[in-house]
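Heads up: the structure comes next, in structure tokens.
Protein chains in written order, with our numbering: chain E, 9 to 443; chain F, 9 to 443.
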């Protein structure tokens, strides 16, 4: 990998997501050599991916080149690499571009889509964890609108205009709301040949309310807002099969659709090679102690979605979202410094800053500890927080401008089909997971 | 295609480039039914494609959804379609989504890359006529930098860091200048493991000066500016072969490179079905009269790159650039109106607004009739003109902001590899032309 070994302790970080990036930004100020590995050359601001999928933002404004992080220090290196396995006994990481020895290894590989073993969904559905996948969804939505325009077959048109999302967590709620806004504001203007009333957005949720991780208040408000936007919500409904044309559920509900988006769950994305005892198998996450050390290892850490730290407040681990990841990343920088100096480690304590989700163009729901609120002001808070956490002045400015523009004009202008499917019959031949 | 035939005369436009769009914007104000066909759902501002290739701009800010044009009038339709042929005797266009009858047909299909029969270049080289192709070049450049970082083989590193462009027209000059800026400002900061001096940009030109379509003054100045940026210019040098690793020329020059960009020529992109006499075979362009009527047809027109109108000033037709296309598009709207009303047609007269090319981050060359100038002020003019012609308020603002940001920060932040090649051995398996 062409990285000289120096006298400095070497910290290798796998993954430049929220956790890895938060850690990297701290480590590069310390007397350590750092190597950041990622299979993309950019950090993805996942909370805004749904706006890329629905033409509201261009992908470049929610991504940030990882080399712009590592360039701040001569002791820091970035490598575009896919990690294949870890040999802990040799303190070595194996990757597609060669091996790398570490003194301290941090696994921040995040999570991947969980299909719960349902192959039909994995084969025929769409999902959204990366920029290319978000662009795939954008292309598919726009192509289906074009197809619907030209078809003479009313049944086929209906299927093309049915958008079905499984899973009403923040992703499902935000994505269905944004597709509803496309239907309400873009389709009537730009697709005069289509009847917007023929376009239906169905949001399916296995539990008895939308946004199950949030408060009852947020669920209730989000439910109302989605229905006002025209999203059809089906609670207590689990998808059992999707053959590329028909969604079948555990109830009588069955929907013909060409666009089925799976947002019903994630699972850890571990790396091969560690002892079986390091994993909490059911969750696919590494069991870590209060210092984020992986069970059974002294110098291997896990942070973010991939780490499962059991605490009194979170017996099943912290929620797999950005905040615990960022906080663990920042905190771990301190503990690695302590380790190097032979000092006592400090246990991680999660500070819950609250959760929020946006619904449609100007409303949101926010849970801040005991303060729950929703509506326009919540949306304002949502905007501010997301701009704040977005990395880079350029990204913030372009995103802010696009939001104002889209808001004032009821428009979503980033509507390029740049990753076209080879036609609907073959739409699933696209490599959805890899890139 | 689901387009109702009304009493209004129907104008069908093939292609939403500069010519087609200029025409469409005029026609939609008239008492005509208009159908705009394009194989992309967006207009591409080709003069700025090179900035997408070199990470300066995101693709969405130089593209414009074509439906945002057609939506202004209920009599206008857009269809995402690939035209396969024309049956003039039946006034019918055949496409991949069905047939379409026309009263007036306008061919505005533009041009495509001309390989002059050299299969090795078509098979192994890169070129840049569309947004996806520009994104391919962006990915390849960034991947080669990453590869160069990790290779131990000095010969391989050299090949990865050699960027070879054939053809020193505006595209070759602007692209090589922008790659040189990447080398001069981004590589030293973000790729500290690389020696920028190992990165070489070679610009090859078959004629005896760069920018052959422009004035001697512009050629001379652009040559100087490129050399100051560190671009190695090879005049009177024609590429004869590229096997994916080695560029061979008609001189002794041979360069090992993994990035070979072909910008040495375009040729018309005609549609099948018209009489042989309609074509100027050598140019692959339709022969049109002063009213842009295709030779031998009353109600079939060609405008823009695909049209070859012989005039006293331009015996070989107008230059295949944006200005003649825009002017012919606007002018033809008038003539179609005249035809419908049985009035006399007005011959097209080209008003040469001059040509310009930018070199590097803050200089340009401009030919305005007898006024030739270059340097910083020319770059200022270049910026202003390009912002002016860029379609849409959003695109202008985002582009302007990015330019200021890039200029002040010596940065190019749109550096996502979102269309990765499957590894260098297989880089040519990517579908370069189709999308």
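For glycine and all other residues, C-beta sits at the position ideal for the given N, C-alpha and C.
Have a look at 282(E), 20(E), 71(E) and flag the residue whose alpha-carbon is nearest the alpha-carbon of residue 45(E).
20(E)
Residues near residue 222(E) by beta carbon distance below 6 Å, same chain, minus five either side:
363, 375
For residue 18(E), does the three-state DSSP call read helix, strand or coil?
strand
Excluding five sequence neighbours on each side, which residues of the same chain lie with their C-beta closer than 6 Å to the C-beta of residue 443(F)?
Because residue 443(F) carries a pLDDT of 34, less than 50, the predicted location of this residue cannot be relied on, and the following value inherits that uncertainty. So the list reads 140, once near-sequence residues are dropped.
What does a CB cutoff of less than 7 Å around residue 352(E) pick up in its chain, not counting 5 residues either side in sequence?
346
Within 8 Å, do at least three Cβ pairs link the stretch 290-304 of chain E to the stretch 193-211 of chain E?
no
Based on Cα-Cα distance, which residue from 211(F), 143(F), 157(F), 52(F) lies nearest to residue 12(E)?
157(F)
CB contact check: residue 204(F) to chain E, cutoff 7 Å:
no
Can you give, in chain order, each stretch of the beta strand (DSSP E) that sits fully within the stretch 146-209 of chain F and has at least 3 residues?
170-174
What's the gap between the Cα of residue 277(E) and the Cα of residue 113(E)?
16 Å
contact_flag[the stretch 158-172 of chain F, the stretch 83-102 of chain F] where n(CB pairs < 8 Å) is 3 or more:
no
Just list the residues that DSSP pairs residue 115(F) with in beta bridges.
22(F), 310(F)
Indicate the three-state DSSP secondary structure (helix, strand or coil) for residue 326(F) in the structure shown.
coil
Verify the CB distance criterion: does residue 42(E) have a CB-CB separation below 7 Å to chain F?
no
What do you get for residue 379(F), buried or exposed, if any count of 16 or more other CB atoms within 10 angstroms of its CB means buried?
exposed
Tell me whether the beta-carbon of residue 173(E) lies closer than 7 Å to the beta-carbon of residue 367(E).
no
Which of helix, strand or coil DSSP assigns to residue 28(F):
helix
Applying a beta-carbon distance threshold of less than 9 Å, which residues of chain F neighbour residue 339(E)?
Simply none; closest approach about 28 Å.
Relative to the C-alpha of residue 31(E), which residue among 339(E), 395(E), 405(E), 284(E) is closest?
339(E)
What distance in whole Å lies between the Cβ atoms of residue 208(E) and residue 240(E), which are believed to be in contact at a cut-off of 8 Å?
6 Å
Which residue comes first and which comes last in the beta strand (DSSP E) that contains residue 36(F)?
Premise fails: residue 36(F) is in no beta strand (DSSP E) and is neither H nor E.
Note down, in chain order, each residue of its chain lying with its Cβ closer than 6 Å to the Cβ of residue 129(F), except the 5 sequence neighbours on either side.
123, 250, 270
For a minimum of 3 consecutive residues, which ranges assigned as the beta strand (DSSP E) are wholly contained in the stretch 362-441 of chain F?
363-367, 371-376, 379-383
Taking Cβ-Cβ distances shorter than 9 Å, what residues in chain E pair up with residue 409(F)?
402, 405, 406, 409
Alpha carbons only, please: which of 343(E), 369(E), 332(E) is nearest the one belonging to residue 188(E)?
369(E)
Give the residues of chain E in contact with residue 413(F), contact being defined as C-beta atoms less than 7 Å apart.
402
Using a 10 Å radius around the Cβ and a threshold of 16 neighbouring Cβ atoms, would you call residue 28(E) buried or exposed?
buried
Beta-carbon spacing of residue 224(E), residue 243(E) below 7 Å
no
Residues of the stretch 155-169 of chain E in Cβ contact with chain F at a cutoff of 7 Å, in chain order, please.
157, 158, 160
Along the stretch 60-73 of chain F, what residues have a CB closer than 9 Å to any CB found in chain E?
63, 65, 66, 67, 68, 69, 71, 72, 73
So which residues on chain F does residue 82(E) lean against when the C-beta distance must stay under 8 Å?
200
Exposure of residue 182(F), with buried meaning 16 or more beta-carbon neighbours within 10 Å
buried
C-alpha gap between residue 90(F) and residue 198(E), whole angstroms:
20 Å
Against chain C, with Cβ distances strictly below 7 Å, would residue 145(F) count as a contact?
Given the protein chain composition of this structure (E and F), no chain C is represented.
Verify whether the separation of the beta carbon atoms of residue 51(F) and residue 23(F) is less than 7 Å.
no
Under 9 Å by beta carbon: chain F residues contacting residue 49(E)
150, 151, 154, 423, 424, 425
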